[in-house]
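Taking it in order: structure first as structure tokens, then the write-up.
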Amino acid sequence: METLGLNVTDLVILFVIGSSGIISLFRGFTKEFLSLLLWVFAFFAAVGLEGYVTPKISEIIGNEEASKIIASVLIFIISIIIGGFLINLISRIVKWSGMSGFDKFMGVLFGIGRGLIVILAIYFLLPSSLKESEIFTSSKISPFFEEFLPVLETYIKELLAESDIEDIVKDGE
């Protein structure tokens, strides 16, 4: 890799993006996208339904806080299991329909996009001192991510300003 001028940072970036694309190739877009939606749904189901399940669990164990945690975890896990069965069914229908090749192609694109987002998120969270170190400054690829950081930071700040996080947290209690 020395002939290409790539360092460890470049290799890690390429590995994350490449492995995400390869995994998505085998799983397909349908499975990848629906799995992502399932995790979001399971989270909101756990937050939204926890209040209905907590009293039943609290009767059994007698601890309100532990009951909330157990209820949330149970709802989350049950949602993931049921959703997983549905995703497998939908994925089989897509495969049966003859759209498997297109599904896999779109899966690769989705996987590469996901890999880019993961790298950008990691890069965003890294301390400035590490980004200014030799391992990042000698990288051929990381300057591209450096260009997107101000845009990402502005977007996240606007998103947090628009959403009322305190209301979301209070609703879950």
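Take the position in the sequence shown, starting the count at 1, then add 7; the result is the number in my numbering. For glycine and all other residues, C-beta sits at the position ideal for the given N, C-alpha and C.
Outcome for residue i when other beta-carbon atoms lying within 10 angstroms are tallied against a minimum of 16
{"i": "I76", "result": "exposed"}
{"i": "T161", "result": "exposed"}
{"i": "I67", "result": "exposed"}
{"i": "M8", "result": "Here the model assigns M8 a pLDDT of 49, short of 50, so the residue's position is not dependable and the matter cannot be decided."}
{"i": "V80", "result": "exposed"}
{"i": "G55", "result": "exposed"}
{"i": "L11", "result": "exposed"}
{"i": "L32", "result": "buried"}
{"i": "S98", "result": "buried"}
{"i": "G58", "result": "exposed"}
{"i": "I163", "result": "exposed"}
{"i": "I88", "result": "exposed"}
{"i": "I126", "result": "buried"}
{"i": "G118", "result": "buried"}
{"i": "V2", "result": "Residue 2 falls outside the range modelled here, since the chain spans only 8 to 180, and no answer is possible."}
{"i": "A128", "result": "exposed"}
{"i": "G69", "result": "exposed"}
Whole-number beta carbon distance between residue j and residue i, since they are thought to touch under 8 Å
{"i": "K147", "j": "L13", "result": "6 Å"}
{"i": "F131", "j": "T16", "result": "Rounded, the Cβ-Cβ distance is 15 Å, inconsistent with contact."}
Nearest-angstrom Cα separation, counted from residue j out to residue i
{"i": "G90", "j": "F22", "result": "29 Å"}
{"i": "M106", "j": "F92", "result": "20 Å"}
{"i": "S140", "j": "T37", "result": "40 Å"}
{"i": "L45", "j": "R121", "result": "16 Å"}
{"i": "S26", "j": "K63", "result": "43 Å"}
{"i": "G108", "j": "I94", "result": "18 Å"}
{"i": "I100", "j": "P150", "result": "42 Å"}
DSSP-derived helix/strand/coil call for residue i
{"i": "P134", "result": "coil"}
{"i": "E139", "result": "coil"}
{"i": "S104", "result": "coil"}
{"i": "K38", "result": "helix"}
{"i": "S145", "result": "coil"}
{"i": "L123", "result": "helix"}
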